[in-house]
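These protein sequence lines map, in sequence, to chains A and B.
Under our numbering, the final residue of the first sequence carries the number 380; numbering is consecutive throughout.
Under our numbering, the final residue of the second sequence carries the number 380; numbering is consecutive throughout.
Cβ atoms here follow ideal geometry from the backbone N, Cα and C, with glycine treated the same way.
Quick caveat: nothing in here was measured; it's all calculated off a predicted structure.
There are 2 protein chains.
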Amino acid sequence: MVRIKLKSEKIPFILLTNGGGITEKEKAIELSKILDFNLSEDQVILSHSPMRSLVPTYQNSQILVLGGAGDNCRKVAESYGFNRVVIPNDIVAWDQSIWPFTKLSQEDLKLIKKIDFSKEPIKAIMMFHDSRDWGRDLQITLDVLRSKDGYVGKLENNDVANLTNIPLYFSNPDIIWSNDFPISRYAQGSFRICLDFLAEVITGHKLKYKLFGKPEPVTYLYAAEKLRKFAMKFTDENVPNRRIYAVGDNPASDIAGANRAGWTSILVRTGVFSGKVNDPINPANHVVDNILHAVEWIFSKEEGI
Amino acid sequence: MVRIKLKSEKIPFILLTNGGGITEKEKAIELSKILDFNLSEDQVILSHSPMRSLVPTYQNSQILVLGGAGDNCRKVAESYGFNRVVIPNDIVAWDQSIWPFTKLSQEDLKLIKKIDFSKEPIKAIMMFHDSRDWGRDLQITLDVLRSKDGYVGKLENNDVANLTNIPLYFSNPDIIWSNDFPISRYAQGSFRICLDFLAEVITGHKLKYKLFGKPEPVTYLYAAEKLRKFAMKFTDENVPNRRIYAVGDNPASDIAGANRAGWTSILVRTGVFSGKVNDPINPANHVVDNILHAVEWIFSKEEGI
């Protein structure tokens, strides 16, 4: 019903998630199958999509991409235009003693890039998705952050790192996420918490980093621009000032970000939020039981204009 | 030379390490080969050896043992007399959604115990060695610590954990350890730091736990008793009040523990310590270049008596 209404009335919409680890195109195909509805890759914004904005800076610099299965996130980063992407297993393959507990399988070794990290420095670290090996990734991330000019295994300033030398970016701020398990699971933000505290214990310095994903404003600016471009496919008029409605189940990410961006926020009760009235910390403009009621409410608002 | 002197003069000695993950017998065989010297398992004390003292309490209770490769640490715990030992992969095999990022291999599955953790509660958690999968182990440890009476997947007090319900034991307090890599690697103590901070962020409560290994007094008491028993094999007289000498390279563990235990501490320059004079925070009774000089110094002291 939602599907038919959206399709028939040609209401431009996009899907904005804190998930990722695959390309927007792959995600669009995955979601199209689930929804039985042809979704374009232009309609899918993943947590790391706005990190495309880093391409001009790091296009030809060696960057370390963290997270995801196999080398999926390397492929995502390359699809954005980063030309020299390495993953933690490349570093383990270069020198196993950096984290002797990670045993590379035959399959892992097939995905490896052979690089001498003592000669080719890492210029930035970008976490694209959940770490599959927290110990390895905590160790290697701090090794790079503490390194002299990104040369792995060399220490900056005689073991006193300023931790600002190598920029660090996270795609997803969430501390927890939900799946079939009855209690929420630890997300990329929990990894960041561990890194943050460990960095301080080891170096005495605070970690510095930049966040992407919801509820970061950079992500909403990126999404608004994508939505505007997508909308222009279906209309001749330029629509820069149309109202944007955001429907989400997570007050701390979906609603907080939408409110901050000046969008009209609608909170549904089908996920993280299950309260009766509204979220006390990040209240939405409107609360409904499900996505269908959200769409109906949006129609009622727009038809009245 | 050291070997010949120790052997010929029958000076009773033991080896006390913060390492582990295998049985004392396996470690003795491993070291005997390296040293080309027949070491008895009674002469080897690993970080988790004093955890034998927990056997009377948990002999027939289900305990979760963390760390080590495969199911090695389960075997170690069973060799101590714990009869119902489970490992994190048993829990992942029971419900993959608890940590979907850990993919169990065919080899992993062979080592699995099939248990319904919603029906058989975990009564204590013991970390025997370095985690091979920090994300999995942080998540599962906090799930158990926050659980109602050790039933995995159920929360104590409506998501407010007191974190004292299920006892937690660590075998090794070290934050870092040294291997071939030019900078020290993160040890079990770093995992504990992550757990500690994550627990506080998630629950608002401080983690409570008990430490074994060097420099914990419990480990030195255990070692002294083992040394006394071992010494009695070679002499008819009971030797309870003989002086104990401790040789070590790590001021924060070896020397700190020895000093606290009232042993005579000797710091060598062949490892963690490389200072000229003495360690400022944990000064040893005597500082020498290497183990040979340490043994010669001990002989000079004992011959003078």
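Inset, instruction - Give me the Cα-Cα distance between residue 37 of chain A and residue 166 of chain A, rounded to the nearest whole angstrom. - result: This structure leaves residue 37 of chain A out entirely; chain A is present only between 76 and 380.
Legend entry - Residue closest to residue 289 of chain A, alpha-carbon to alpha-carbon, out of A:308, A:89 and A:94: Checked all of A:308, A:89 and A:94; the closest Cα to residue 289 of chain A is A:94.
Legend entry - Inter-stretch contact at 8 angstroms, needing at least 3 Cβ pairs: the region 145-160 of chain A / the region 318-327 of chain A: With a cut-off of 8 angstroms, the region 318-327 of chain A and the region 145-160 of chain A do not count as touching, because too few Cβ pairs lie within range.
Inset, instruction - Look up residue 230 of chain B in the DSSP assignment and give the residues it is bridged to. - result: DSSP output for residue 230 of chain B lists B:222 as bridge partner(s).
Inset, instruction - Could you name the residues of the region 133-161 of chain A whose beta carbon sits closer than 7 angstroms to any beta carbon of chain B, in the order they occur along the chain? - result: Cβ contacts with chain B: none found.
Legend entry - residue 142 of chain B to residue 148 of chain B span [Cα, whole Å]: Whole-angstrom Cα-Cα distance: 7 angstroms.
Inset, instruction - Could you check the C-alpha separation between residue 229 of chain B and residue 193 of chain B for me, to the nearest Å? - result: One C-alpha to the other measures close to 8 angstroms.
Inset, instruction - May I ask whether a heavy atom of the ligand MG can be found less than 6 angstroms away from the beta carbon of residue 247 of chain B? - result: Looking at this structure, you won't find the ligand MG or any other ligand, since it has none at all.
Legend entry - Same chain, Cβ closer than 6 angstroms to residue 125 of chain A, five either side skipped, listed in chain order: Correct list, in chain order: 287, 293, 294 and 297.
Legend entry - Integer Cβ distance of residue 319 of chain B from residue 354 of chain B, believed to fall under 8 angstroms: Their Cβ separation, rounded to whole angstroms, is 20 angstroms, which puts residue 319 of chain B and residue 354 of chain B out of contact at 8 angstroms.
Inset, instruction - Could you please give the first and the last residue of the uninterrupted alpha helix (DSSP H) stretch that includes residue 305 of chain B? - result: 292-306 is the span of the alpha helix (DSSP H), which, as asked, contains residue 305 of chain B.
Inset, instruction - State the DSSP-derived secondary structure class of residue 245 of chain A, mapped to helix, strand or coil. - result: Secondary structure at residue 245 of chain A: strand, using DSSP grouped into helix, strand and coil.
Legend entry - Any C-beta of chain C under 7 angstroms from that of residue 323 of chain B: Absence of chain C from the displayed structure is noted, the protein chains being A and B.
Inset, instruction - Enumerate in chain order the residues of its own chain whose CB-to-CB distance from residue 138 of chain B is below 8 angstroms, with the five nearest sequence positions on each side excluded. - result: Here residue 138 of chain B has 152, 157, 159, 160, 161, 197, 198, 199, 200 and 201 as same chain residues with Cβ atoms under 8 angstroms from its own Cβ, once five neighbours each way along the sequence are excluded.
Legend entry - Residues that residue 228 of chain A contacts on chain B, provided the C-beta gap is smaller than 8 angstroms: 256, 257 and 258, listed in chain order.
Legend entry - Ranges of the beta strand (DSSP E) found wholly within the region 130-158 of chain A, counting only runs of at least 3: List check, beta strand (DSSP E) in window: 137-141.
Legend entry - Simplified DSSP assignment, three categories, for residue 352 of chain B: Residue state, collapsed to three classes: coil.
Legend entry - Three-state secondary structure (DSSP) of residue 361 of chain A: Strand.
Inset, instruction - Taking only beta-carbon positions, decide if residue 261 of chain A is within less than 7 angstroms of chain B. - result: With 7 angstroms as the cut-off, residue 261 of chain A counts as an interface residue toward chain B.
Inset, instruction - Could you check the C-alpha separation between residue 343 of chain A and residue 362 of chain A for me, to the nearest Å? - result: If I take the Cα positions, the gap works out to 6 angstroms.
Inset, instruction - On the DSSP bridge assignment, give the partners of residue 339 of chain B in chain order. - result: In the DSSP output, where bridge partners are listed per residue, residue 339 of chain B has B:320.
Inset, instruction - Tell me residue 284 of chain A's beta-bridge partners as DSSP assigns them. - result: Answer by DSSP bridge pairing: none, since residue 284 of chain A is not bridged.
Legend entry - Cα-Cα separation, residue 271 of chain A to residue 251 of chain B: Going by the C-alpha atoms only, they are around 17 angstroms apart.
Inset, instruction - Please compile the residues from chain A whose C-beta is within a distance smaller than 7 angstroms of the C-beta of residue 183 of chain B. - result: Within chain A, no residue has its CB atom less than 7 angstroms from the CB of residue 183 of chain B, the nearest being about 12 angstroms off.
Legend entry - For residue 307 of chain B and residue 170 of chain B, the rounded distance between their alpha carbons: If you take the alpha carbons of residue 170 of chain B and residue 307 of chain B, they lie about 51 angstroms apart.
Legend entry - Buried/exposed call for residue 352 of chain A, threshold 16 Cβ in 10 Å: With fewer than 16 neighbouring CB atoms inside 10 Å of its own CB, residue 352 of chain A falls in the exposed class.
Legend entry - Environment of residue 146 of chain A [buried if 16+ CB atoms lie within 10 Å]: When all chains shown are included, residue 146 of chain A counts as buried.
Inset, instruction - Write down every uninterrupted run of the alpha helix (DSSP H) in the region 165-223 of chain A whose length is 4 residues or greater and which is fully enclosed by it, in chain order. - result: As summarised for the region 165-223 of chain A, the continuous alpha helix (DSSP H) elements at least 4 residues long and confined to that stretch are 181-185 and 209-220, given in chain order.
Inset, instruction - Closer than 8 angstroms by C-beta to residue 103 of chain B: which residues in its own chain qualify, once you throw out the five before and the five after it? Chain order, please. - result: Counting only residues of its own chain and dropping the five nearest sequence neighbours on each side, residue 103 of chain B has a CB closer than 8 angstroms to the CB of 114, 115, 116, 118 and 119.
Inset, instruction - Give the residues of chain B in contact with residue 206 of chain A, contact being defined as C-beta atoms less than 9 angstroms apart. - result: Those within 9 angstroms of residue 206 of chain A in chain B are 176, 209 and 210.
Legend entry - With 16 other Cβ atoms within 10 Å as the buried cut-off, status of residue 191 of chain B: Answer is exposed; the Cβ neighbour count stays below 16.
Inset, instruction - Identify whether residue 382 of chain B lies in helix, strand or coil by the three-state DSSP scheme. - result: The first residue shown for chain B is 76 and the last is 380, placing residue 382 of chain B beyond what the model contains.
Legend entry - Inter-residue spacing [alpha-carbon to alpha-carbon] between residue 76 of chain B and residue 185 of chain A: Residue placement at residue 76 of chain B cannot be trusted, given a pLDDT of 44 that sits under 50; what the coordinates show is reported in the next sentence. Using only the alpha carbons, I get a separation of about 48 angstroms.
Legend entry - Cβ neighbour criterion (16 or more within 10 Å) applied to residue 172 of chain A: Within a 10 Å sphere around the beta-carbon of residue 172 of chain A sit fewer than 16 other beta-carbons, which makes this residue exposed.
Legend entry - Within-7 angstroms CB hit, residue 173 of chain B to chain A: So yes, residue 173 of chain B belongs to the interface.
Legend entry - Distance, residue 215 of chain B Cα to residue 282 of chain B Cα: C-alpha separation (whole angstroms): 15 angstroms.
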